[in-house]
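Going from the sequence shown to my numbering is simple: count from 1 and add 7. Below is one structure; the comments refer to it alone.
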Amino acid sequence: MVQSAVSVLPFLGTEVASTYENANVVILPVPFEATTTYRRGCENGPAAILKASHQVEYYDEELEQELWPTGLYTHPPIADTRYNHKISSEEMLQITQQTLERLILDGKFVIALGGEHSITEAIVAAYQQTNSKEPFTVIQVDAHGDLRHEYEGSIHNHACVMRRVVDMGLPTVQLGIRSICKEEADLIKDRQLTVFRAREIALQPDWMERALASISTRKVFCTIDLDGIDPTLIPGVGTPEPGGLNWYSLTTFLARLFQAHEVIGCDVMELAPIVDSVVSEFTAAKLVYKLIGYWVTSKQQARD
Numbered sequence: 008m009v010q011s012a013v014s015v016l017p018f019l020g021t022e023v024a025s026t027y028e029n030a031n032v033v034i035l036p037v038p039f040e041a042t043t044t045y046r047r048g049c050e051n052g053p054a055a056i057l058k059a060s061h062q063v064e065y066y067d068e069e070l071e072q073e074l075w076p077t078g079l080y081t082h083p084p085i086a087d088t089r090y091n092h093k094i095s096s097e098e099m100l101q102i103t104q105q106t107l108e109r110l111i112l113d114g115k116f117v118i119a120l121g122g123e124h125s126i127t128e129a130i131v132a133a134y135q136q137t138n139s140k141e142p143f144t145v146i147q148v149d150a151h152g153d154l155r156h157e158y159e160g161s162i163h164n165h166a167c168v169m170r171r172v173v174d175m176g177l178p179t180v181q182l183g184i185r186s187i188c189k190e191e192a193d194l195i196k197d198r199q200l201t202v203f204r205a206r207e208i209a210l211q212p213d214w215m216e217r218a219l220a221s222i223s224t225r226k227v228f229c230t231i232d233l234d235g236i237d238p239t240l241i242p243g244v245g246t247p248e249p250g251g252l253n254w255y256s257l258t259t260f261l262a263r264l265f266q267a268h269e270v271i272g273c274d275v276m277e278l279a280p281i282v283d284s285v286v287s288e289f290t291a292a293k294l295v296y297k298l299i300g301y302w303v304t305s306k307q308q309a310r311d
């Protein structure tokens, strides 16, 4: 397993960090960047989120509790191109899948931080390998379809990640989509993929009920490309697109998703920090804490 030699700031801070053995939730930084096609810098995203998380209040006013007692462990970075630019996409996929499989088998709820969105292929493959007896749906929040067969000569480009997921035979639900090419549009029609476009979300009040109703499996995995959120809220992304989900639409959907389904894992991808601005990384860090909170409350409800 190839890990970064650099030390890592724990999510929220050292005063609430747990040991790996005692942790229920593991934050996994994957600062890998190789196929970015517009604004670079997402390899710096995980570190920026971890640093910004130290400013997040422990008390969640929506959930009316502090969430860190569940046990949070921040894993050392893996597939870190900040210090080894020679890591290939294929090597990253192998490292990431092996790491995830170990964490899953250890019973951890994992939130991976990217890094470019191509990383999600390995994460989903790890869950498919370890959940082979039960299917799950991949929920994607994103501005882009990411359904190209290949892009710029690679089938592992960040623009192809959901095509790889579809090719795994897993059901998908895509939210916030507002930029696709003709190849992707044709695939959506031919495969009858479930897509809720950004304009539909903005104009149709019942989109959330229909999106939740479209999920056919008990288990789900959630991948969030931060450009799925309106760029006025998170401008620090590699490929910004006008429009997108607002904060309360996204968090309300996620809360209901965790209530209705067993969320087996999440990732938050493609933060590319902007110099002299902390808005994007702080919002991303708060989103990660919301994911932890929704997972904690889903477990509490299951025990009640």
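In this text, a Cβ means the ideal position worked out from N, Cα and C, and glycines have one as well.
Handout entry: Residues bridged to residue 119 (per DSSP)
Key = 35, 274
Practice task
Give the straight-line distance between the Cα atoms of residue 277 and residue 51, rounded to the nearest whole angstrom.
Solution key: 9 Å
Exercise for the section: Thinking residue 167 and residue 155 are a contact (beta carbons under 8 Å), I'd like their distance in whole angstroms, please. Expected result: 5 Å
Handout entry: Contained alpha helix (DSSP H) runs [length at least 4] in the stretch 174-214, N- to C-terminal order
Key = 189-198, 205-210
Exercise for the section: Just mark residue 80 as buried or exposed, buried being the case when its beta carbon has 16 or more other beta carbons within 10 Å. Expected result: buried
Practice task
Tell whether a beta-carbon distance below 8 Å holds between residue 263 and residue 215.
Solution key: yes
Practice task
Please check the pair residue 161 and residue 239, which I expect to be a contact at CB under 8 Å, by giving their CB distance rounded to whole angstroms.
Solution key: So it is not a contact: roughly 32 Å between Cβ atoms.
Handout entry: When 93, 131, 27 are compared against residue 272, the one with the closest alpha-carbon
Key = 131
Handout entry: Residue environment, residue 301, which counts as buried when at least 16 other CB atoms sit within 10 Å
Key = buried
Handout entry: Length of the line joining the Cα atoms of residue 97 and residue 204
Key = 31 Å
Problem - Other residues of its chain near residue 108: CB distance less than 8 Å, five sequence neighbours each side excluded - result: 133, 136, 137
Handout entry: Span of the beta strand (DSSP E), counted from its first residue to its last, around residue 227
Key = 226-232
Exercise for the section: Kindly indicate which residue of 311, 266, 288 has the alpha-carbon position closest to the one of residue 305. Expected result: 266
Handout entry: Range of the contiguous beta strand (DSSP E) that encloses residue 62
Key = Taken as a continuous stretch (DSSP letters only), residue 62 belongs to no beta strand (DSSP E), as it is neither H nor E.
Handout entry: Neighbourhood of residue 222 by C-beta distance below 7 Å, restricted to the same chain and skipping five residues each side
Key = 144, 180, 268
Problem - Secondary structure of residue 42, DSSP reduced to three states - result: coil
Exercise for the section: With DSSP as the reference, label residue 134 as helix, strand or coil. Expected result: helix
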